[in-house]
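Colleague: Going by the working numbering, the residue at position 52 of the sequence shown is 81; the numbering climbs one at a time, nothing skipped.
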Amino acid sequence: MTRAVDRAPQGRPPFRQRGQATVELSLILPVLALLALFVGQVGVVATDAVLVHHAAREAARAAAVEPEVGVATAAAQGAAGLVSDRMTVNLSGGRSVGDSLRVTVRYSAPTQVPMVGRLIGDIDLSSTVTIRVE
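1) Which one or two residues does DSSP pair with Ala138 in a beta bridge?
2) Under 8 angstroms between the Cβ atoms of Ile152 and Thr140?
3) Can you give me the start and stop residues for the beta strand (DSSP E) that Ser113 sits inside?
4) Report, in whole angstroms, the separation of the C-beta atoms of Ser155 and Arg135, which I expect to be a contact under 8 angstroms.
5) Is Gly69 helix, strand or coil when you go by DSSP?
6) If we ignore side chains and look at the alpha-carbon of each, how far apart do Val118 and Leu64 end up?
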């Protein structure tokens, strides 16, 4: 024995389900927008991480010739398109010819994407390069 199922005419949803898709979209759309902004912020931070590593390499090259903090800092700030106030450069190791010199660049990457920045805050990035003093 089969029972008849209450169905609406073809092409129209039942009365109780009208607008359901709109409500579901309005509930999920802010979450999807926040997720898209988060993915964009990850891309910005990844770019900053590459620039920090590049700055550390350039600082190490400059410090290999003249192992002074000022020279390494100037090279790091000139190499990367980063805000110099947020960057610190440290040298450690020997300063004589043939010694290994370790250059560490630290950078506080700002979160620039709206809404995501307030949730995450600034992100600390660092890169260390070891080079032989010439």
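Glycine included, every Cβ here is placed at the ideal spot set by N, Cα and C.
Note that the structure is a prediction, hence the values are computed from the model and not measured.
Modeller: From the atom records:
1) DSSP lists Ile152 as the beta-bridge partner residues of Ala138.
2) yes
3) From DSSP, Ser113 is part of no beta strand (DSSP E); its letter is neither H nor E.
4) 4 angstroms
5) It is helical.
6) 34 angstroms
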